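Below is one structure, written out as C-alpha cells; comments come after it.
In the numbering used here, the protein residues as written are 9 to 395.
Right under this line is the structure:
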C-alpha cells in the first residue's frame with residue numbers, strides 16, 4: 009500500500025466515525041415510542057419529537073453552509089459533535105417531557121450542523137465518480153448506529169444489566185461517549201480542504217433553488233427523510249396495531265428496517281461503482297413502492313416484516329444518489345448546495361406530523377398512505393437523474 013493510500017485511509021477513518029455519530033439522530037424513532045409509553049401520549053404528541061428534531065434542519069442548514077465558508081468544514085463538524093454530545097447528556101437527568109424536548113432539539117441542531125458539513129468534508133478526500141459510492145458507504149456506517157439504537161434501548165429496558173436507573177435511556181450515555189471520542193480523533197486528523205466558496209449570503213444559497221434540477225433534488229431529499237423517519241417511528245406501531253404486540257416486542261421492527269438499510273448501503277457502495285445511478289435508484293424506489301402496497305393491504309406478520317425490510321433496502325441509497333447528483337450539478341458551490349440539500353431534511357418534520365394526524369384519524373394505514381405519496385414523487389424523480 010502506498011503512502012498516499014495510507015494517508016487517505018487515515019483521513020477517512022475519523023470521518024467515518026463521524027458518520028456513525030450522524031446516525032444517532034435516528035434514535036428519536038425508538039425513543040419517541042418509549043417516551044409515549046412512559047408519559048401516556050397520543051400519536052400526534054409523540055410524533056412531535058421526531059418532527060422537532062428535523063425542524064432545526066430548516067433553520068440551521070443554510071446558515072451552516074455559510075458558516076463553513078468562514079471557519080471551514082472540519083471545524084463545523086467538530087462544533088456539531090460538541091452539540092450532539094451535550095444533547096445526549098441531558099436525558100441522563102430524566103425523561104420528563106420538557107427534558108426530552110430540549111434534548112431532541114439539541115440533537116436536531118447538532119445533526120443539522122453535521123449533515124451539512126460532513127458530506128462536503130468527505131468530498132475533500134474523495135471526489136469525482138467515487139463520491140456517490142463513498143457517500144453511500146458513509147450512510148452504511150451511519151446505519152449501523154441507527155439499527156443498534158433499538159437493541160441498546162431494549163437491552164436497558166429489560167434491565168438485564170445494571171443501568172443505574174436509566175433503563176432504556178442507557179442508550180444516551182453510550183452514544184455520548186462515542187461522540188466525545190469522535191471529537192478528539194477528528195480534531196487530531198489533518199484534512200486539506202478546498203478553497204471556500206465565494207458566495208456566502210442567504211440570497212446566494214436560496215437562489216440555487218431557481219435551478220429546476222436543484223429544486224427537484226431538494227424535494228427528493230424531503231421525501232427520502234420523511235419515509236425514513238416515518239418508517240422508523242411507524243414500524244413498531246404497525247406491529248402493535250395489526251399483531252397485538254407490546255412495545256418491547258415490536259421495537260425490533262425498527263432494527264429490522266435499519267438492518268436492511270445497512271445492508272443496502274453496503275451493497276450500494278459497490279453496486280454504484282458498476283451500475284448507473286438511475287438504474288439503481290429505480291430499483292430502490294421500486295422496492296419501496298411494493299412495500300407500501302403490502303403494508304396497506306396485508307395483516308400477515310411475515311409480509312409486514314418483508315415490507316419493512318424492503319423499505320429499509322430501498323431507502324438506503326436514495327440520499328447519497330440525490331446528494332451527489334446535486335453536488336455534481338453545481339460543483340463550484342458545494343457548501344451552498346450542501347446547506348440546501350440538508351435543509352430538505354425538514355421533511356422529517358412535515359411527514360411525521362402529517363402521519364400523526366392521519367394515524368389518529370384512521371389508524372396506521374393513514375401514516376403509510378402519507379409515506380406512499382413520498383415514494384410516488386421519488387418514482388417521478390428517477391427520470392431526472394443524470395446517469
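For each residue, glycine too, the CB sits at the ideal point set by N, CA and C. All figures in this text were calculated on a predicted structure; none of them were measured in a lab.
Neighbour-count burial assignment, residue i, 16 or more Cβ in a 10 Å radius
i           : result
residue 232 : buried
residue 234 : buried
residue 78  : exposed
residue 153 : buried
residue 340 : exposed
residue 284 : exposed
residue 372 : buried
residue 299 : buried
residue 19  : buried
residue 264 : buried
residue 307 : exposed
residue 357 : buried
residue 318 : buried
residue 305 : exposed
residue 343 : buried
residue 312 : buried
residue 223 : exposed
residue 44  : buried
residue 396 : Nothing can be reported for residue 396, as the shown portion of the chain is limited to 9 through 395.
residue 370 : exposed
residue 375 : buried
residue 391 : exposed
DSSP three-state assignment for residue i, whether helix, strand or coil
i           : result
residue 198 : coil
residue 240 : helix
residue 207 : In this prediction, residue 207 scores a pLDDT of 47, lower than 50, which makes its location untrustworthy; no coordinate-derived value is stated.
residue 78  : helix
residue 233 : helix
residue 301 : helix
residue 166 : coil
residue 273 : helix
residue 174 : coil
residue 284 : coil
residue 48  : coil
residue 308 : coil
residue 215 : helix
residue 390 : helix
residue 73  : helix
residue 338 : coil
residue 254 : coil
residue 324 : coil
residue 55  : coil
residue 367 : helix
residue 263 : helix
Supposed close pair residue i, residue j - CB separation, criterion 8 angstroms
i           : j           : result
residue 262 : residue 37  : 6 angstroms
residue 324 : residue 151 : 7 angstroms
residue 100 : residue 158 : Not really, about 19 angstroms apart at Cβ, beyond 8 angstroms.
residue 125 : residue 81  : 5 angstroms
residue 26  : residue 85  : 6 angstroms
residue 121 : residue 72  : 5 angstroms
residue 241 : residue 55  : 6 angstroms
residue 320 : residue 267 : 7 angstroms
residue 333 : residue 394 : 6 angstroms
residue 143 : residue 127 : 6 angstroms
residue 93  : residue 188 : 6 angstroms
residue 89  : residue 29  : 6 angstroms
residue 213 : residue 70  : 5 angstroms
residue 192 : residue 117 : Their Cβ separation, rounded to whole angstroms, is 21 angstroms, which puts residue 192 and residue 117 out of contact at 8 angstroms.
residue 32  : residue 97  : In fact, because the Cβ distance is near 12 angstroms, the residues do not count as touching under 8 angstroms.
residue 326 : residue 386 : 7 angstroms
residue 244 : residue 255 : 7 angstroms
residue 59  : residue 361 : 5 angstroms
residue 34  : residue 103 : Not really, about 18 angstroms apart at Cβ, beyond 8 angstroms.
For the segment 138-164, list the alpha helix (DSSP H) runs that are entirely contained and at least 4 residues long, ordered along the chain.
-> none
List in chain order: all unbroken alpha helix (DSSP H) runs of 4+ residues lying wholly within the segment 78-134.
-> 81-97, 105-131
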